[in-house]
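Asker: Each position in the first sequence, counted from 1, maps to that position plus 4 in our numbering.
Think of the CB as a built atom: it goes at the ideal place given N, C-alpha and C, for glycine as much as any other residue.
Predicted model only: the values in this text are computed from it and were never measured.
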Amino acid sequence: MTECYIKDLPRHAGKEVVLKGWVSNRRSSGKVSFLLIRDGSGLCQAIAEREVLGDIYQEVKKIPLESSLEVQGTVVEESRSPGGYELHVTRVEIIHKSQEEFPIGKKEHGPDFLLNNRHLWLRSSRQIAIMRVRDTLVRHIREYFHKNDFTLIDSPIFTTTCGEDTSSLFSVDYFDLGKAFLSQTGQLYLEAAIFGLGKVYCFGPTFRAERSKTRRHLIEFWMVEAEAAFYDHDRNLALQEDFVSYIVQNTIAERAEELASLGRDIEPLKKVVPPFYRISYDEALTILKEKGSDIEWGTDLGGDDETLITSLYDKPVFIENYPRKVKAFYMKQHPDKPDYVKCADLLAPEGYGEIIGGSEREDDYDKLLQAIRENNLDPERYGWYLDLRKYGSVPHSGFGLGIERTLSWICGLKHVRETIPFPRMIYRAYP
RNA sequence: UCCUCGGUAGCUCAAUCGGCAGAGCGGGUGGCUGUUAACCACUAGGCUGGGGGUUCAAGUCCCUCCCGAGGAGCCA
Numbered sequence: 005m006t007e008c009y010i011k012d013l014p015r016h017a018g019k020e021v022v023l024k025g026w027v028s029n030r031r032s033s034g035k036v037s038f039l040l041i042r043d044g045s046g047l048c049q050a051i052a053e054r055e056v057l058g059d060i061y062q063e064v065k066k067i068p069l070e071s072s073l074e075v076q077g078t079v080v081e082e083s084r085s086p087g088g089y090e091l092h093v094t095r096v097e098i099i100h101k102s103q104e105e106f107p108i109g110k111k112e113h114g115p116d117f118l119l120n121n122r123h124l125w126l127r128s129s130r131q132i133a134i135m136r137v138r139d140t141l142v143r144h145i146r147e148y149f150h151k152n153d154f155t156l157i158d159s160p161i162f163t164t165t166c167g168e169d170t171s172s173l174f175s176v177d178y179f180d181l182g183k184a185f186l187s188q189t190g191q192l193y194l195e196a197a198i199f200g201l202g203k204v205y206c207f208g209p210t211f212r213a214e215r216s217k218t219r220r221h222l223i224e225f226w227m228v229e230a231e232a233a234f235y236d237h238d239r240n241l242a243l244q245e246d247f248v249s250y251i252v253q254n255t256i257a258e259r260a261e262e263l264a265s266l267g268r269d270i271e272p273l274k275k276v277v278p279p280f281y282r283i284s285y286d287e288a289l290t291i292l293k294e295k296g297s298d299i300e301w302g303t304d305l306g307g308d309d310e311t312l313i314t315s316l317y318d319k320p321v322f323i324e325n326y327p328r329k330v331k332a333f334y335m336k337q338h339p340d341k342p343d344y345v346k347c348a349d350l351l352a353p354e355g356y357g358e359i360i361g362g363s364e365r366e367d368d369y370d371k372l373l374q375a376i377r378e379n380n381l382d383p384e385r386y387g388w389y390l391d392l393r394k395y396g397s398v399p400h401s402g403f404g405l406g407i408e409r410t411l412s413w414i415c416g417l418k419h420v421r422e423t424i425p426f427p428r429m430i431y432r433a434y435p
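1. Could you give the distance in angstroms between the alpha-carbon of Phe-322 and the alpha-carbon of Ile-283?
2. How many Å lie between Trp-226 and Asp-12 at the Cα?
3. Could you tell me the boundaries of the beta strand (DSSP E) in which Gly-25 lies?
4. Would you report the Cα separation of Arg-84 and Gly-355, rounded to the nearest angstrom?
5. Do Ile-41 and Ala-50 come within 8 Å of each other at the CB atom, strictly closer than that value?
6. In whole angstroms, give me the CA-to-CA distance for Tyr-389 and Ala-196.
7. What does Ile-51 pair with, by DSSP beta-bridge criteria?
8. Among Glu-97, Glu-63 and Gly-109, whose alpha-carbon lies nearest the alpha-carbon of Asn-29?
9. Are Lys-336 and Glu-358 touching if we call contact CB-CB under 8 Å?
10. Enumerate in chain order the residues of its own chain whose CB-to-CB distance from Leu-373 is below 8 Å, with the five nearest sequence positions on each side excluded.
11. Do you know offhand how far Thr-314's Cα is from Gly-361's?
12. Straight-line CA distance for Leu-39 to Val-56?
13. Are Phe-174 and Leu-186 closer than 8 Å when you measure CB to CB?
14. Within 10 angstroms of its Cβ, does Lys-275 collect 16 or more other Cβ (buried), or is it exposed?
15. Report yes if the CB atom of Phe-117 is closer than 8 Å to the CB atom of Ala-230, and no otherwise.
16. Gly-302 and Lys-341 - do their beta-carbons sit closer together than 8 Å?
17. Take every Cβ of the region 70–80, pair it with every Cβ of the region 89–101, and state whether three or more of those distances are shorter than 8 Å.
18. Is Leu-222 near Pro-427, with beta carbons less than 8 Å apart?
19. Of the choices Met-429, Tyr-434, Tyr-148 and Gly-25, whose alpha-carbon is the least far from that of Val-248?
20. Ignore the nearest five residues each way along the sequence and tell me which others in Gly-25's own chain have a CB closer than 6 Å to its CB.
21. Checking 8 Å against the spacing of the C-beta atoms, do Arg-385 and Tyr-369 come in under that value?
22. Thinking just about the alpha-carbon of each residue, which of Ile-145, Ala-233 and Val-22 is nearest to the one in Val-96?
23. Please classify Ser-216 as buried or exposed, where buried requires at least 16 other C-beta atoms within 10 Å of its C-beta.
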């Protein structure tokens, strides 16, 4: 007997096959039961009739949701079944009958309950759709870098240097060496790698011990970072435009069905092609003040500010050249305006806000050392990083893109917590 | 850490001015041969987050603690 996956049913129309999966939903009407089977490849309606099945029909009719089954039957084209094909069952074997009522019901649930049952929530069609989009997005990210001659450099998770300030780092005991930190960025290591490989990227989890509690924050999230030798600020922005357009267009083309099931209108995403809008930090401030914001020069844009700016544009917008004092120590000082750095954040439209932070890096040894001291960091710990400016230092730039924020934007979600299989949040590390 | 909102049946939520604790879904029992979160009938299910207070009377008002959500700060 041919065993097959639901996605392959059209190829077996009229034939008898075996499916293995779970009872996603069930309805019965006296002598006939409709079992909605999920097998990881799709959904299919299986028709179980009393006259065909005999004694086991009574058990099948009452089978608890999410029980696992092996069903054998004839594949029949049927528009009323999801996927367009249904199975007329001739034999049922119960692999495992759910021991208790499945906690995730057919009606709505609240976020607390769903997050406590994340291990079971992942079986629902909405979560399946999001995970498929995530898989596709990640694949196109890797593909883009591969096609453009970037080499993957896996950066360490344990670090003794940091890219941001130490207050937001998780520390762990590291044998006799004292404290080590969980990585916040692989950037500094990528900078070391460009001298051998030119263009590199890393992709992995990153950890922020910030007591953030918003729809845009996770404690553990995935970030893809790229770094390229001889890329100045403008070339960096062109790369980001090309990259973001590529991953968005390819993902929405491949996952149109899933995005539709999530209720995402992809028309706004189709506009995500180069060039993106570019405004300076100072211009952003002027706009914000005109709109009534009380933001002051020398502070970062808040969530409301980002929402206001993005509402004015139908495509992603770069905010360039921030004040030096609000950005990280490694960013290159602006040659004409010493109070600024050559950097840009990329804000996604439709109110989603920052998805990329990037900059040209300081390539001058003395200026970098000075910046490290100004930020009260220990120059000895950054010895290796300073070394990079001693042997053939070159202009170079890079950026980091947050996977969950980008996915949340593409899927049109209200919160990043649904974009990662097991979200880590300030008061939640279970399951 | 701060601000705002919330916690009532397994789940999602009602409960008017402080006056008998309710519904839908899910569970159980029965019915139905084409259902699409199926439907119909019956049924079980409660320390109203914990503690204290006011009152003849508290889910409702006050104090306090716990838990959650959204936001601020910070960031991708």
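Answerer: Looking at the atomic coordinates:
1. 6 Å
2. 33 Å
3. 20–33
4. 38 Å
5. yes
6. 7 Å
7. Phe-38 and His-92
8. Gly-109
9. no
10. Pro-383 and Leu-390
11. 16 Å
12. 15 Å
13. yes
14. exposed
15. no
16. no
17. yes
18. yes
19. Tyr-148
20. Ile-41, Arg-42 and Asp-43
21. no
22. Val-22
23. exposed
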